[in-house]
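Reminder that position 158 of the sequence shown reads as 167 in the working numbering, one-by-one numbering, no gaps.
Glycine included, every Cβ here is placed at the ideal spot set by N, Cα and C.
Nothing here was measured: the structure is a model prediction, and the numbers come from that model.
Following: one structure in structure tokens, then a few remarks.
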Amino acid sequence: MNEILEALEKTYGPQQATGPTDAYEMIVYLNCGYPASDAWCSKGFDVLKREVGLSPRELLAAPRAKLAKLLRLGGILPDQRAERLQEIARRVKGDYGGDLQAALTGCMQEEKQQPGRGVRAAKKILREFPVIGEPSAEKILLFSKLAPVAAVPSAFVEVPTRLWVGKPGKNYAADYRAARDTLSAGLAETLEARQRAYLLLKKHGQQTCKRSEPKCEICPLTGQCAYIQLQAADRHVV
Ligand code: SF4
Numbered sequence: 010m011n012e013i014l015e016a017l018e019k020t021y022g023p024q025q026a027t028g029p030t031d032a033y034e035m036i037v038y039l040n041c042g043y044p045a046s047d048a049w050c051s052k053g054f055d056v057l058k059r060e061v062g063l064s065p066r067e068l069l070a071a072p073r074a075k076l077a078k079l080l081r082l083g084g085i086l087p088d089q090r091a092e093r094l095q096e097i098a099r100r101v102k103g104d105y106g107g108d109l110q111a112a113l114t115g116c117m118q119e120e121k122q123q124p125g126r127g128v129r130a131a132k133k134i135l136r137e138f139p140v141i142g143e144p145s146a147e148k149i150l151l152f153s154k155l156a157p158v159a160a161v162p163s164a165f166v167e168v169p170t171r172l173w174v175g176k177p178g179k180n181y182a183a184d185y186r187a188a189r190d191t192l193s194a195g196l197a198e199t200l201e202a203r204q205r206a207y208l209l210l211k212k213h214g215q216q217t218c219k220r221s222e223p224k225c226e227i228c229p230l231t232g233q234c235a236y237i238q239l240q241a242a243d244r245h246v247v
């Protein structure tokens, strides 16, 4: 795994995360754009931050129509996203006293006493919010520096699947978990190692190992890739 990540870093250079690194702001960010790409989310998030503010109090005080108008910069369905942002703000204010990070930090204290339990509790909290599934919950834990979870970039699960398994399994959720478990077994259990792997695999999915048609002919990983080995074996059998 290290060899593969080294090769990716040599190809693309060191990667930097985009967007906020506070758990609450990350949830807001993910609800600011649709389709949910970095580009759309950043546009919606930046205008919201500039014109309204991000705190639960500021989001709840803003007229829904104003939020929706601003969120047009973040792509389609702005009314739905405005409604979701106020739902997030209401929940954080009502259920967590306005401080989601503190609630999640409490889960991490629990994690120290009983490994696995605190992370599960934190993911459960995060998944109560709109559009946050298991992949986003794990990304939030990793990039808000709460827990060194081996998160996999949700839009690029096929990258680790091709590299280490060869072909997709039964469904997205199963592939995601298999990829996460592979990374978890192969990477040091540190925030730095797991953030680095996440960002490099994401970049590789954006640039080369494309979902519909991977550009294997220009890929630096053909010698290590299980997908290529499986294809060669299939040709041999035929
Ligand atoms: S060789 Fe092809 S399938 Fe394998 S990682 Fe590279 S682009 Fe993806």
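Touching or not, the segment 182-197 and the segment 64-72, by the rule of three or more beta carbon pairs under 8 Å? With the rule of 3 Cβ pairs closer than 8 Å, the segment 182-197 does not count as touching the segment 64-72.
Residues near Asp88 in its chain [Cβ-Cβ closer than 6 Å; skip 5 each side]: These residues qualify, in order along the chain: Ala77.
Could you tell me the distance, in whole angstroms, from the CA atom of Lys52 to the CA atom of Leu82? Rounded to the nearest angstrom, the two C-alpha atoms are 6 Å apart.
Pick from Pro124, Ala131, Leu79, Ile13 that is closest to Gly115, judged by C-alpha positions: Among Pro124, Ala131, Leu79, Ile13, the Cα nearest to that of Gly115 belongs to Ala131.
Any residue whose CB is nearer than 6 Å to a heavy atom belonging to the ligand SF4, listed in chain order: Going down the chain, each residue whose beta-carbon is closer than 6 Å to a heavy atom of the ligand SF4 shows up: Arg171, Leu172, Thr217, Cys218, Pro223, Lys224, Cys225, Cys228, Leu230, Thr231, Cys234, Tyr236, Ile237.
Going by DSSP in three states, Gly232 sits in which element: helix, strand or coil? Residue state, collapsed to three classes: coil.
Please classify Gly214: does DSSP put it in a helix, a strand, or coil? Gly214: helix per DSSP, three-state reduction.
Excluding five sequence neighbours on each side, which residues of the same chain lie with their C-beta closer than 6 Å to the C-beta of Glu147? By the criterion of a C-beta distance shorter than 6 Å, Glu147 is surrounded in its chain by Val158, Ala160, once the five residues flanking it on both sides are discounted.
Proximity below 8 Å, CB of Gln25 to CB of Leu209: Between Gln25 and Leu209, the C-beta spacing is not below 8 Å.
Is Gly127 buried or exposed, if buried means 16 or more other CB atoms sit within 10 Å of its CB? Result: buried.
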